[in-house]
Structures are given as structure tokens and as C-alpha cells.
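Residue numbers (this note's numbering), protein chains in the order written: chain A, 18 to 249; chain B, 18 to 249.
Note that beta-carbon positions come from the ideal geometry of N, C-alpha and C, so glycine has one too.
All values reported here derive from a predicted model rather than from experimental measurement.
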DNA sequence: TTATAACCGGAGTAATTCGCTCCGCAAGTT
DNA sequence: AACTTGCGGAGCGAATTACTCCGGTTATAA
């Protein structure tokens, strides 16, 4: 990212290919789940398999990079949300941005990739940012009092994919993709409105624990200790 | 279903196995997508592959049966919803029931199975029932005026799976499965509250067309004509 | 008990799909 | 021309697939 000086047209093409690759990987991963094949990803990106393997030594390396970029995006969105004046708009825009970027693509690879130190640090930071976003919205009384940060994380994950969109993409129905994307935004807007403080009846069940996230990314690294807290 | 008279303990075991098979198929399909293997389904059901193939001549036959049962469940839930006195509770319970049953398991096989005449008839009937449910809620002014039946269908599909639940099941973390299921219900309750009429701001974009559903189940049967309407 | 029938689980099989390597080729630079 | 740089995809061994087939187990009958 700091070294994006292009020194020739070949380098430029390589960068474009890399971006297309990551973009395609998100889409294919969302549509095919963890079994997504490198051939499918390369084809969706419009590049050859060879180009994929020149940049990433293995399939897992590509997925690892994808996870890191997603965390970066998540944190950027959270910072932008905190920068907004209105606490509600800040939280809502954060949710929408994360869901559209496709955070949900990560769920199928949660147990398969190795979690690096950097990723864990970024994940911790995202927990803090989200907790701040939630605390601010609570203090302003615009967010339902019994909604927690974990609820929000689960909601974002739930909307990280669109089943309709994924399937239409796999069928190659380019004509309907835009309509499906718009519809997905609509349904997400409905769900976000459900977070507003105007709803008096309490939510069912107890607030979920953040085990639902921390435990899923363990991957036999003996890492089961709580790494973050979701309360401010 | 009319012939459930058991004539011996062997038949009873066969019935239990069949139910376990269908239940497991829904779970594995949700977790693994369309590539879900018969071996995985049989293992999740706790039966041998042989038992699966004694009841269903092929993988597609199992999926077809699954789709039909889902439609039956959908219609039953809709009828129960219409039978309720309160229009809002009727619609809300319908949504929750469908989402929990795992309507979302069908999305990954949408393009792969042959759509029978019966299935299309049941699908048409479900469209009518949902339209009635929505119309009633609109007339009672308890449902946001700009929410359509297609919006509701998409919301149900969106909540037909839980990424967290699916992954925990695949990891065999039985201890967290109940927590994930409860959390999923919570998030769904949030989204359902977003449908209430108390929200004044209109939803973004235009109401989605039902092409988003009809086109996805076509499967080269030359069937592209509109089969139902979603407005009352 | 033994014979029979019904149903079970899963090893085995051919075909497919997988991740990945390797090499011939086109484009830019000197 | 010669050299460098990045490209696409054929091909390979390994893994996975849907499905078949058969030996074992349980319930009933004589």
C-alpha cells in the first residue's frame, strides 16, 4: 500500500489483476463456501491460474490476505463511523459498509486459515471501535438499550452475504445482479431500523457472549482465552 | 404421511432414520452449500450411506424431497399465521417459523434440482398466502407501508441460515450450538421489529420484483413466464 | 433352536475435481 | 536483436465424489 508507485505498464496490470483476484475471491467464497476452488476464483477474476499463484504461494495465503483486508476495511469503517457527528448515523453507516463489503465471506474460512499476530491485533482493535460506537449510541439513547456489540457483529455477519445475489452471480445473470444488490440493501435497512430505540419490547433470550466469535477462529492454536471484551 | 402405521420395530427405525436424514440434509446443505456430499449428510444423520440410498435413488431425489417439505412447511406456517387474530403476530410468527426451519438451505440447490408440477403449485399457493398475510398487516397499519411481499421473502431467505451456527456445527462445538441458535433468534427479532409501521422514513431504492425468485428456480425448463403476483 | 425376511453400515469403484507446477508466449525495454 | 517481466492454461498426482454391493444384525415364524 505504501509502495504503490508503478514503474511500468506491466506493474499496473499486475496491480489490477491483484485487485480483481481479491474481489473475485470474495464473491466466489460467498457463493461456494469454503470449498471454493482456485480455478473458479481465477476464472471469476478473468485471469489465469498462473497469475494467481505468482502472487500467492498457496490458496491459504490468498485467504489470509483476504481476511486481513476485511479487518482493515472493518476498522476503517468503524473509524469513519466514529468521526460522524450523529451517533446513530455513525453506527448505521458502519453496519451498512461492513455488510456490503462482504464480511460474511470470511465465515466459511474461519477455521481453515492461520490467524496471525497482526490479524489478532486488528481484531482486538475492531472490538474496541465497535464497543465505542455502541456505547456512544447507547448514551445518546438512539440504540435499543438491550442491544449489545455482539448482536451487532452477528447482524453484520448475517448480512455479509446475499443468497440471492450469490446464486444469480453463479448463474451469470448479470441483468438481475443490480436488482438483487439493491434489494439486499433494502432488507438490511429494515434490519437496521430494528435496532432503533423506538422499540419498547425487550429482545428474546439473553445477550449473546462473544465466544460466538472468539471460539470460531481458534484453529488449534491453543488460543481459547478471551482476547477482548465487548462492553465499554 | 397417510401411511405412518408402523407394522414393526424395523419400520419404526426406518422412519426415524428418514427424519434424521432430512434434518441432517438441511444442516449440511446450509453449512456446505450445494457441494454438500452424501457421505457428510449420512454421517450427520448418524446412518450409513446404504440406508440413504435405499430410500432415495439419487442425491437429487433427496434434495427434491427436501424442497417439497420446505414448501409444505412454509405453507403450513402461513396458514397458521393467517389463523391468528392479530395481523402483526400472524405475520411475525410466520417469518420466524420459516427462518428457523431453514428455508435458506434451499438456495444453494435452487438451480440444480428439477422443479416438479406439484412444487410449482405449492410455490404458487405460498405466494398467495404470503400476499394475504402482508395485505392484512397493511390494512391494520401495523406493517411499514412500503414493505412488499418480496421484501419479506428476501428477509426470510436472509435468515434461513446462520453462518455462526453452521460453522459451529461443522466444528462439532455442541456446547455453543444452543447459544448460537438463541443469538440467531435475537437478531431475527431485531430485523422483524424493523418491519413495524412505527418507522417513518421510507426504505431506500425501489420495491424489488419477484423475478429475484422466479428466475432463480428456472433450471432450463424454458420456464420464464411469471407464475404468480405478489400484490393483493 | 433354525430359517427367513427386512434392514442396517460401510468398504470398494470409477470418474471427477482438486491444488499446484511448469512452460511456451506476448509485451515492454535497451 | 537480446533480454526481462508477467501472462495463460495444459498437465499431474492426490483427494473427493456419487453410487453399488455385500456381509452382518435384528425381529418374526416354525
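| Item | Value |
| --- | --- |
| For the stretch 116 to 144 of chain B, which residues have a CB atom closer than 8 Å to at least one CB atom of chain A, in sequence order? | 121, 124, 125, 127 and 128 |
| Using a cut-off of 9 Å between C-beta atoms, extract the partners of residue 43(A) located in chain B. | Under the 9 Å cutoff, chain B gives no residues; its nearest Cβ is about 15 Å from residue 43(A). |
| How should residue 43(A) be labelled, buried or exposed, when 16 other C-beta atoms within 10 angstroms of its C-beta is the threshold for buried? | buried |
| Please report whether the beta-carbon of residue 35(B) lies at a distance below 8 Å from any beta-carbon of chain A. | no |
| What is the rounded straight-line gap between the Cα of residue 37(B) and the Cα of residue 51(B)? | 19 Å |
| Pull up the distance between the alpha-carbon of residue 72(B) and that of residue 39(B), whole angstroms please. | 11 Å |
| So if I threshold CB-CB distances at 8 Å, which residues from the stretch 200 to 212 of chain B count as touching chain A? | 200, 201, 202, 203, 204, 206, 207, 208, 209, 210, 211 and 212 |
| Would you say residue 32(A) lies against chain B (beta-carbon separation less than 8 Å)? | no |
| Count the other CB atoms within 10 Å of the CB of residue 34(B); is the residue buried (16 or more) or exposed (fewer)? | buried |
| Could you name the residues of the same chain whose beta carbon sits closer than 6 Å to that of residue 176(A), not counting the 5 residues immediately before and after it, in chain order? | 116 and 205 |
| Using the rule of at least 16 other Cβ atoms within 10 Å of the residue's Cβ for burial, across every protein chain shown, is residue 134(B) buried or exposed? | exposed |
| In chain A, which residues lie with their C-beta within 8 Å of the C-beta of residue 220(B)? | 203, 206 and 207 |
| Hey, would you say residue 59(A) sits closer than 8 Å to residue 46(A), going by beta carbons? | no |
| Identify the residues that DSSP records as bridge partners of residue 218(B): which are they? | DSSP, once it has assigned bridges, lists no residue as partnering residue 218(B). |
| Should residue 66(A) go down as buried or exposed, given a rule of 16 or more other Cβ atoms within 10 Å for buried? | exposed |
| Measuring straight from C-alpha to C-alpha, what distance separates residue 164(A) and residue 140(A)? | 21 Å |
| Just verifying my parser: in three-state terms, what is the DSSP assignment at residue 74(B)? | coil |
| Got a sec? Which residues, its chain only, sit under 7 Å from residue 194(B) by beta carbon, not counting five neighbours each side? | 182, 185 and 186 |
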